[in-house]
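I have placed the structure first, in the form of structure tokens, so that the comments after it can refer back to it.
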Amino acid sequence: MDNKRDLDQLNLALIASYPKLSEVFEKTAKREDIKYVNLCAAFEEAANLAKEIEPKVDAILSRGGTAEYIRQVVDIPVISIPITQFNIVRSMYQVPKEVTDIAFFNYGRNIYGIRDIEAMFNKTLHEYIYLNRQDIIKAVSDVKKRGLKVIIGGNVAVQLAQEEGLEGIEVCSGEETVYRSILETKHIVQVHRLVRNQAIRLNAVLNSIAEGIIVTDEQNRIVTFNPSAERIFRLPKEDALGKQVLDIVPNTGIPNVYRNGEPEIAYLQKINGGIITATRQPIFLDDKPVGVVSTFQDVTKVQNLEQQIRKRIYHKGFIAKHHFEDILTNNSNMLELKEMAALYATTHSSVLIEGESGTGKELFAQSIHNSSQRASGPFIAVNCAAIPEHLLESELFGYEGGAFTGAKKEGKQGLFELAHNGTIFLDEIGEIPKSLQARLLRVLQEKEIMHIGGDKIIPVDIRIISATNKNLEEKVKQEEFRNDLYYRLKVFGIKLPPLRERKEDIPLLTGVFFRKFSKELDAKTENELLPLLLEYTWPGNIRELRNVIEQLSLLVDHFKTIPSWIGILNKVLNKEIRKDNKSLSLQVNLENGLKDALDQAEKQILDSMLAQYENDRNLVAQKLGIGRTTLWRKRNGLKD
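For the sequence shown, the working numbering assigns the number -19 to the initial residue and increments by one for each residue that follows.
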């Protein structure tokens, strides 16, 4: 329903328990120019109808027990049309003169003035109070046992009385009563709209706040428990509202704050194995405490938010994309290294990965990060050889504004700071200048840094994974690399073998790379190409193999059919794996004599030469010392 709708657009519903009330309501509503829905039902049936029409109306009017049934199933105002002394008096005029004792049925309460009515009519009214249909049934039975003949009450009581052979007189609400109920409804709807709008705004504020909020009343019961509190305390609000706060947060200081009237600011508190900060403020009304409002922040989330800010400041996404399942291998040594690396991932210690360029050092580093407890934190990769020496220090450690010529006036965070709660991968660590090695050692030992030009110690929680293609032990011996730093970096070590030492991976990786470039490695290509790839030593390792396959995939598209894989591969690698004529293997049939066998051999030689020189007939004829016409004739099996 539209919250902006004014009272001129009031939509009311009457669910009457007897037809005459419907008639009176309809007449009054038309006179007051009110939109309305007019229905007849009682108790459970009325409640079911109310649920159906609730979205279409502002309020529902009914009477007695039926109104109470409706009130329990809807959230809009439900107004009960009262039974007044005047209604009862009007019903009394219908009682036969000879009847002196009458049963009067009313929902929920006694009617004031009953004794005056008795005196007025010189009759006795026996009151029966009911809450539901079952109560009415029992009361009618009691009336019959007592020998009373007449029942005054609502529609249900009258019907049950008549079924038992008693006389039933219905208490009807008149126009004045219905009119006053409609006026009351207008006022209640107006107040309800104001309260609802305020509640909607307040809930929107509470639901949007990142801090958990708990509000308690005078009995330290929880009356507000916002979504952030649900997340922090891992409890739905339905299980918290109305409960004693100490039952939900056993170690809270909320009762003390209510008792003492003194606020508590930024108290650290342990919850569900984590740490939160809690601030508690007493609520006063007319200088009397009426409750406490408490706000809670998850320290971990605050740190994560800090990390997000750091990332945005640096304008870079620091994400590790690869996992151990991305490391493809059939090599037993590599499989064992994957197993060891997965074990190292369970720790926070430094790892040094050694291996030639292109062997997958960063792939291992990212996989270790993604399998560790730091997987949700940043992964920052730094190539120590790619950043000039005079810039590397400021990149790693950051600097204060104006620390040196050309520095940003607002300063800059370093990569160690941005890697907080995550992993920093220092590639080509062997190239780090000796002047920085002592500062790096301090980061490893103390877990803290200082900006260039700054005097403030900044704690950082990072894991360092480093990699090198150099022999660091040799550099240590030559005093080019600090001995203590080397052993700090190599708490755990991984040495990756080059591709030439794991040739069983070449067919696997070749197929994967061909598929990556939308080519399927067919049987013919596999038989011709793989032996050549296995012969090569791959100094650039997996990176070189990938580049070669990418080029070959492009060439396959260009040539459609490859005349010679050897020739193509020699050109791609810019070096000769082997000559075609060395690989030529003649297969001839001698059953038809030497002449026929020689013709077969000659044709195979010509086919091989044409394949080697990419069908260049002029070049092949020149190499063989024959004319182009002779080449064509011999190639097609024609006699001289």
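Even glycine gets a Cβ: it sits at the ideal position worked out from N, Cα and C.
Computed from a predicted model, the values in this text were never measured in an experiment.
By a C-beta neighbour count over all protein chains shown, 10 Å radius and 16 as the cutoff for buried, is residue i buried or exposed?
i	result
Trp612	exposed
Lys392	buried
Phe264	exposed
Gln178	exposed
His167	exposed
Ala366	exposed
Asp407	buried
Ser188	exposed
Asn622	No information on residue 622 is available, as it lies outside the stretch -19 to 620 that the chain covers here.
His431	buried
Pro35	exposed
Met100	exposed
Lys496	exposed
Lys341	buried
Which residues in the same chain have their Cβ closer than 7 Å to the Cβ of residue i, if we skip the five residues on either side of it in sequence?
i	result
Ser329	Val471, Phe472
Asp596	none
Glu369	Pro413
Ile348	Ala321, Tyr324, Ala325, Val331, Ile445
Asn598	Arg608
Look at residue i and residue j and say whether their C-beta atoms are less than 8 Å apart.
i	j	result
Asn67	Gly154	yes
Glu506	Trp545	no
Arg43	Gly134	yes
Ile360	Leu395	yes
Thr46	Ile(-5)	yes
Tyr110	Phe85	yes
Ile333	Ala345	yes
Leu29	Ile61	no
Leu646	Leu465	Because the chain spans -19 through 620 in this model, residue 646 falls outside it and cannot be assessed.
Val53	Ala27	yes
Leu(-8)	Val37	yes
Ile194	Val225	yes
Gly378	Glu397	yes
Val185	Val237	no
Lys499	Val536	yes
Ile116	Val136	yes
Ile486	Leu525	yes
Thinking just about the alpha-carbon of each residue, which of the options is nearest to the one in residue i?
i	options	result
Ile132	Glu147, Arg468, Lys125, Gly88	Glu147
Tyr247	Tyr238, Arg239, Ile234, Gly253	Ile234
Gln(-11)	Ala(-4), Glu12, Glu3	Glu12
Pro358	Asn310, Lys414, Ile442, Glu380	Ile442
Asp306	Ala9, Phe493, Asn200, Leu416	Phe493
Phe276	Leu489, Ser208, Leu215	Ser208
Leu513	Lys483, Gln531, Leu535, Asp502	Lys483
Ala220	Thr196, Arg523, Glu3, Pro35	Thr196
Ser462	Ile409, Leu226, Ser121, Asn183	Here residue 462 is Arg; the residue named in the question, Ser, does not match the sequence. For Arg462, the nearest C-alpha among the options comes from Ile409.
Val331	Ser274, Ile404, Asn310	Ile404
Ser337	Thr309, Pro478, Val423	Pro478
Ala447	Thr232, Val362, Ser533	Val362
Asn240	Arg260, Val4, Arg113	Arg260
Gln425	Tyr467, Gly607, Ile56	Tyr467
Thr80	Asn313, Lys103, Lys217	Lys103
Glu621	Glu32, Asn112, Leu128, Cys20	Beyond the ends of the chain as shown, which are -19 and 620, falls residue 621; an answer cannot be given.
Gly254	Glu454, Ile212, Asn236	Ile212
Ser312	Ser274, Ala601, Glu481, Thr232	Glu481
Ser352	Val528, Glu375, Thr339, Thr327	Thr327
Ala622	Ile299, Glu319, Gly222	Lying outside -19 to 620, the shown extent of the chain, residue 622 is not represented and no answer is given.
Which residues mark the beginning and the end of the beta strand (DSSP E) in which residue i is found?
i	result
Val58	58 to 60
Ser446	442 to 448
Arg150	Per the sequence shown, residue 150 should be read as Glu rather than Arg. Segment 147 to 150, the beta strand (DSSP E) holding Glu150.
Phe629	Nothing can be reported for residue 629, as the shown portion of the chain is limited to -19 through 620.
Leu406	402 to 407
Val175	Note, Val175: premise wrong, no beta strand (DSSP E); alpha helix (DSSP H) at 155 to 188.
Gln261	254 to 265
Gly192	192 to 196
For residue i, I'd like the list of residues in its chain whose CB is within less than 6 Å of its CB, leaving aside the five on either flank, ordered along the chain.
i	result
Leu105	Ile82, Phe84, Ile94, Glu98
Gly605	none
Lys124	Glu144
Gln621	With the chain covering -19 to 620 only, the question about residue 621 has no answer from this structure.
Which residues in the same chain have their Cβ closer than 8 Å to the Cβ of residue i, if we skip the five residues on either side of it in sequence?
i	result
Leu372	Cys364, Ile412, Pro413, Leu416
His295	Bear in mind that the predicted position of His295 carries a pLDDT of just 39, short of 50, making it unreliable; the figure below should be weighed with that in mind. Excluding residues within five positions, none has a Cβ falling inside 8 Å.
Val270	Asp197, Glu198, Ile263, Phe264
Asp55	Glu34
I need the boundaries of the alpha helix (DSSP H) containing residue i, first residue and last residue.
i	result
Asn135	135 to 143
Glu655	Residue 655 lies beyond the residue range present for the chain, which begins at -19 and ends at 620; the question has no answer from this structure.
Asp122	113 to 125
Asn507	503 to 515
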